[in-house]
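*Asks:* For the sequence shown, the working numbering begins at 54 and goes up steadily by one. Just so you know, even glycine gets a beta-carbon here, dropped at the ideal spot from N, CA and C.
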Amino acid sequence: MEKNIMNIKIKTEFIKLDSLLKFAGVVETGGEAKEVVQGGEVLYNNELCTMRGKKVRPGDVVEYDGNIINVE
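#1: Output needed for I122: all residues of its chain with C-beta closer than 6 Å, excluding positions within five of it in sequence on either side, in chain order.
#2: At which residues does the alpha helix (DSSP H) containing E88 begin and terminate?
#3: Taking its Cβ as the centre, do 16 or more other Cβ atoms sit within 10 Å of D118, making it buried, or is it exposed?
#4: Can you tell which of T65, G84 and N120 has its C-alpha closest to the C-alpha of G92?
#5: Just reading off the beta strand (DSSP E) that V124 is part of, what are its end residues?
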């Protein structure tokens with residue numbers, strides 16, 4: 054499966070994990086973001102993360118459903 058790599062720039066110190074998934078467009082809604090995070094489908098810096106409020110900062114990498122999101 055081919056990976057879709059995205060570079061997402063944030064203007065704040067951090068963005069919450071569920072908000073990042075929605076902002077990047079890999080999920081349709083905040084509710085869907087909550088489900089995929091709590092369902093164990095998201096990797097945060099190559100580790101499974103089920104905390105939807107996890108603070109994602111520039112330099113972090115989030116992976117979901119073939120999408121790799123590099124946060125800048």
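*Replies:* Let me lay it out:
#1: The residue labelled residue 122 in the question sits at position 69 within the sequence shown. For I122, where only same-chain residues beyond five positions count, the Cβ hits under 6 Å are M59, I61, A77 and V115.
#2: Taking the first residue of the sequence shown as position 1, residue 88 is located at position 35. First-last of the alpha helix (DSSP H) with E88: G83 to Q91.
#3: Here residue 118 corresponds to residue number 65 of the sequence shown, with the count starting at 1. The residue is exposed, with fewer than 16 neighbouring Cβ atoms inside 10 Å.
#4: Residue numbering aside, residue 92 sits at position 39 when the sequence shown is read from its first letter. Comparing Cα positions, the closest option is G84.
#5: Looking up residue 124 in the sequence shown gives position 71. Looking at the DSSP string, the run of the beta strand (DSSP E) that includes V124 is N120 to V124.
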